[in-house]
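Read through the structure below, which is laid out as structure tokens, and then see the notes.
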Amino acid sequence: MKHQVPIVITSLGAATKVTEAVHSYGGLVFHDVTNQKHARKAAEAGVDGIIAVSAGAGGHAGIINPFVLVHEIREVFEGVILLAGGLSKGEDILAAQAMGADLCYLGTRFINTTESRAEAAYQNMIIEAVSGDIIHTPAVSGIPANFMRQSLEAAGYPMDKLNQAGELNYGDKLKPVDDEAKAWKTVWSAGQGVSQITDVVSVSDLVGRIGDEYRRARARLCE
Ligand SMILES: Cc1cc2nc3c(=O)[nH]c(=O)nc-3n(C[C@H](O)[C@H](O)[C@H](O)COP(=O)(O)O)c2cc1C
């Protein structure tokens, strides 16, 4: 409130208190959800936008297909919908708009930029990884999130247990990590879009490229 942050992103529980405070100075609240139940709660809390964190996203990803998730959220929410999860190219953004999203969120793609503070080994792992390397597990942070197999292996996580969902308790950590921030630094998160990432470029070049891809895709559709 002191800094009047124009857009505030919340996750893990939409709070009316937060939306009221941000709205009092004219700011906007966008809230992360992974299913319709939480979208309904966010709508009730008065958020301005809902971020549909679909299957395959980096970080605390959901498990619902993006086509289904966007429609389910639209059923209960009239505001701005932002689609997140596996988007890497301009044509992905056009497709998201076609299916009803207003805006898009790209996370993993921006880890591989020169401005990113991710270390080179993290960026190289993203270049080498494919979608099949992304493991959705609550083991690192207590809440299901996507991590690269190579990084989990390097950190010594028991891979057989991570793959057996039945043995996992949501909220339980297989390997206790007291410091959440330290966990995310040690084990590298990424989304399934890694398979489309083959380089490290500046944000400016990347945004220019995505714009070109978007315009080419739109022209192709209009032919
Ligand atoms: C390393 C990493 C850390 C993230 N941390 C957060 C976070 O603290 N808060 C949040 O709302 N989303 C976080 N995200 C999720 C992104 O905001 C975004 O929803 C996601 O990266 C989109 O999917 P994509 O990575 O497939 O593009 C994180 C994602 C990654 C890859």
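Under the working numbering, read the sequence shown as residues -1 to 221, first letter to last.
Glycine included, each C-beta is placed from N, C-alpha and C at the ideal position.
**Asked** Does the beta carbon of D30 fall short of 7 angstroms from some heavy atom of ligand 1?
**Response** Checking every heavy atom of ligand 1 against the Cβ of D30, one is found closer than 7 angstroms.
**Request:** Determine the direct distance from the alpha carbon of T32 to that of V185, and round the result to whole angstroms.
**Result:** Their backbone Cα atoms lie some 22 angstroms apart in a straight line.
**Asked** Which residue from R207, A94, V66, G140 puts its Cα closest to that of T111?
**Response** Shortest Cα-Cα distance from T111 to any of R207, A94, V66, G140 involves R207.
**Asked** Roughly how many angstroms lie between the CA atoms of I48 and T8, to the nearest whole one?
**Response** If you take the alpha carbons of I48 and T8, they lie about 10 angstroms apart.
**Prompt:** For R72 versus I79, is the C-beta spacing smaller than 8 angstroms?
**Reply:** The beta carbons of R72 and I79 sit closer together than 8 angstroms.
**Same chain, Cβ closer than 8 angstroms to D131, five either side skipped, listed in chain order** = So the list reads M146, R147, Q148, V192, once near-sequence residues are dropped.
**Asked** Excluding the five sequence neighbours on either side, which residues of its own chain have a C-beta within less than 8 angstroms of the C-beta of D74, listed in chain order?
**Response** This sequence places Val at residue 74; Asp is not what is there. A distance below 8 angstroms between beta-carbons, with the five flanking residues on each side excluded, links V74 to the following residues of its chain, in chain order: Q34, A37, R38, A41.
**Request:** Report all residues from its chain with a CB closer than 8 angstroms to the CB of A19; omit the five preceding and five following residues, and keep chain order.
**Result:** M(-1).
**Asked** Under the three-state reduction of DSSP, which class applies to N144: helix, strand or coil?
**Response** Here N144 sits in strand by DSSP.
**Prompt:** In three-state DSSP terms, what is L172?
**Reply:** Any answer about L172 is weak, because its pLDDT of 47 lies below 50 and its placement is not dependable; what the coordinates show is given next. Residue state, collapsed to three classes: coil.
**Asked** Do the segment 10 to 25 and the segment 150 to 160 meet, that is, are 3 or more Cβ pairs less than 8 angstroms apart?
**Response** Output reads no: the segment 150 to 160 does not touch the segment 10 to 25.
**Asked** With respect to 7 angstroms, is the separation between the Cβ of S139 and the closest non-hydrogen atom of ligand 1 below this value?
**Response** No.
**Request:** Check whether the Cβ atoms of I124 and A188 sit closer than 8 angstroms, and answer yes or no.
**Result:** Pairing I124 with A188 gives a Cβ-Cβ distance under 8 angstroms.
**Item:** G164, DSSP secondary structure in three states
**Value:** Interpretation of G164 is limited by its pLDDT of 39, a score under 50 that renders its predicted location unreliable; the figure taken from the coordinates is listed afterwards. Looking at G164 - three-state DSSP - the assignment turns out to be helix.
**Asked** Taking Cβ positions, are Q190 and G84 nearer each other than 8 angstroms?
**Response** Contact: yes.
**Prompt:** Should T17 and V51 be called a contact, given that it needs their Cβ atoms to be closer than 8 angstroms?
**Reply:** T17 is not a Cβ neighbour of V51, given a cutoff of 8 angstroms.
**Asked** What three-state label does DSSP hand H21 in the structure shown?
**Response** Looking at H21 - three-state DSSP - the assignment turns out to be helix.
**Prompt:** By a C-beta neighbour count over all protein chains shown, 10 Å radius and 16 as the cutoff for buried, is T196 buried or exposed?
**Reply:** Exposed, because fewer than 16 other Cβ atoms sit within 10 Å of the Cβ of T196.
**Message:** For a test of your reading of the model: does the CB of T106 fall under 7 angstroms from any non-hydrogen atom of ligand 1? Yes or no.
**Reply:** T106 Cβ: within cutoff of ligand 1.
**Range covered by the beta strand (DSSP E) that runs through A116** = That residue, A116, is in no beta strand (DSSP E); it is neither H nor E in DSSP.
**Message:** Tell me which residues share the same chain as T135 and place their Cβ nearer than 6 angstroms to its Cβ, disregarding the 5 neighbours each side in the sequence.
**Reply:** If we look at T135 and ignore the five residues flanking it on each side, its Cβ neighbours are L160.
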